[in-house]
Ligand SMILES: [Zn+2]
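Numbering (the working numbering), first residue to last: 12 to 279.
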């Protein structure tokens, strides 16, 4: 009997089906970023970001492929030396024969992607894309918008429900406690650039990972509530779900979500 061996390319093809690279933003860098498509793949580690900690874990556990939500490299590298962190990590992982695939904003916008999961996690219904991608064959787009099941919920109780969904003790917010929440937009990660889309769609509340001070002021001026759950928390859960999904898709392969990465920002 012939033993079937999965190649990196087969994993890439599956990932491109699940989180299509066509959905990625123009500025992004997605797909297979380093490695040999023809190489065998027996062990995959997913992570939010390739960091010295998560890279060391992948090397120690003999991963063949890292599926990192955030791309590495992201910006073009002119040299592969150990002088800067990104180039050092690319160099060390290449020497350990570990490929890197990044789905990034393709994963954010996918049918069952991060923003869809985020919208479901906070209890939205009638979920639709916040910003449609022109002429997308599946009518997909960036971010999500939806309605709350419970009518007349105020912002204060909505924030409590988001905190419990993400098991957080503290959360950053902009808004009025007593204002009524009806229509909510979500965008994982640094979603500040989608605030204008949330306002345009008539949302009263916008949930994202992080936003700049001036976006917070803009939300306040537009009387749109803002909930900032943290960049890490807004995306890391999806990386764990992706590891499970890959494990099911490629039975027999060892797939895990990095246990060594953590939120660099403390919530004290
Ligand atoms: Zn992110």
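Glycine is no exception: its CB is placed at the ideal position from the N, C-alpha and C atoms. Note that the structure is a prediction, hence the values are computed from the model and not measured.
Measure the alpha-carbon distance for residue i versus residue j and round it to whole angstroms.
{"i": "residue 52", "j": "residue 169", "result": "43 Å"}
{"i": "residue 137", "j": "residue 196", "result": "12 Å"}
{"i": "residue 128", "j": "residue 65", "result": "24 Å"}
{"i": "residue 207", "j": "residue 59", "result": "26 Å"}
{"i": "residue 152", "j": "residue 142", "result": "5 Å"}
{"i": "residue 133", "j": "residue 55", "result": "29 Å"}
{"i": "residue 326", "j": "residue 265", "result": "A query on residue 326 cannot be resolved here, the shown segment of the chain reaching from 12 to 279 and no further."}
{"i": "residue 191", "j": "residue 97", "result": "45 Å"}
{"i": "residue 88", "j": "residue 70", "result": "22 Å"}
{"i": "residue 262", "j": "residue 17", "result": "10 Å"}
{"i": "residue 227", "j": "residue 154", "result": "18 Å"}
{"i": "residue 242", "j": "residue 274", "result": "9 Å"}
{"i": "residue 150", "j": "residue 260", "result": "25 Å"}
{"i": "residue 175", "j": "residue 244", "result": "12 Å"}
{"i": "residue 23", "j": "residue 43", "result": "7 Å"}
{"i": "residue 4", "j": "residue 108", "result": "Any property of residue 4 remains undetermined from this structure, which presents the chain solely from 12 to 279."}
{"i": "residue 125", "j": "residue 99", "result": "29 Å"}
{"i": "residue 212", "j": "residue 135", "result": "15 Å"}
{"i": "residue 232", "j": "residue 73", "result": "51 Å"}
{"i": "residue 188", "j": "residue 267", "result": "40 Å"}
{"i": "residue 279", "j": "residue 186", "result": "22 Å"}
{"i": "residue 193", "j": "residue 202", "result": "20 Å"}
{"i": "residue 35", "j": "residue 79", "result": "15 Å"}
{"i": "residue 160", "j": "residue 181", "result": "24 Å"}
{"i": "residue 171", "j": "residue 179", "result": "9 Å"}
My understanding is that residue i touches residue j, with C-beta atoms under 8 Å, so please give their C-beta distance in whole angstroms.
{"i": "residue 77", "j": "residue 48", "result": "Contact doesn't hold; Cβ gap of about 15 Å is too wide."}
{"i": "residue 235", "j": "residue 209", "result": "6 Å"}
{"i": "residue 116", "j": "residue 272", "result": "So it is not a contact: roughly 20 Å between Cβ atoms."}
{"i": "residue 173", "j": "residue 240", "result": "6 Å"}
Buried or exposed for residue i, going by 16 or more other Cβ atoms inside 10 Å?
{"i": "residue 165", "result": "exposed"}
{"i": "residue 257", "result": "buried"}
{"i": "residue 148", "result": "exposed"}
Pick out whichever of the options has its Cα sitting closest to the Cα of residue i.
{"i": "residue 183", "options": "273, 112, 40, 221", "result": "221"}
{"i": "residue 199", "options": "275, 249, 272, 61", "result": "249"}
{"i": "residue 119", "options": "144, 271, 186, 162", "result": "144"}
{"i": "residue 1", "options": "213, 75, 41", "result": "A query on residue 1 cannot be resolved here, the shown segment of the chain reaching from 12 to 279 and no further."}
{"i": "residue 218", "options": "92, 46, 34, 131", "result": "131"}
{"i": "residue 269", "options": "29, 32, 67, 31", "result": "67"}
{"i": "residue 229", "options": "167, 204, 157", "result": "204"}
{"i": "residue 122", "options": "181, 161, 32, 277", "result": "32"}
{"i": "residue 246", "options": "94, 85, 37, 114", "result": "114"}
{"i": "residue 26", "options": "158, 57, 85", "result": "57"}
{"i": "residue 50", "options": "95, 105, 81", "result": "105"}
{"i": "residue 85", "options": "75, 45, 94", "result": "45"}
{"i": "residue 163", "options": "252, 277, 90, 215", "result": "215"}
Let me have the residue list for ligand 1: C-beta closer than 6 Å to any non-hydrogen atom, ordered along the chain.
81, 200, 242, 246
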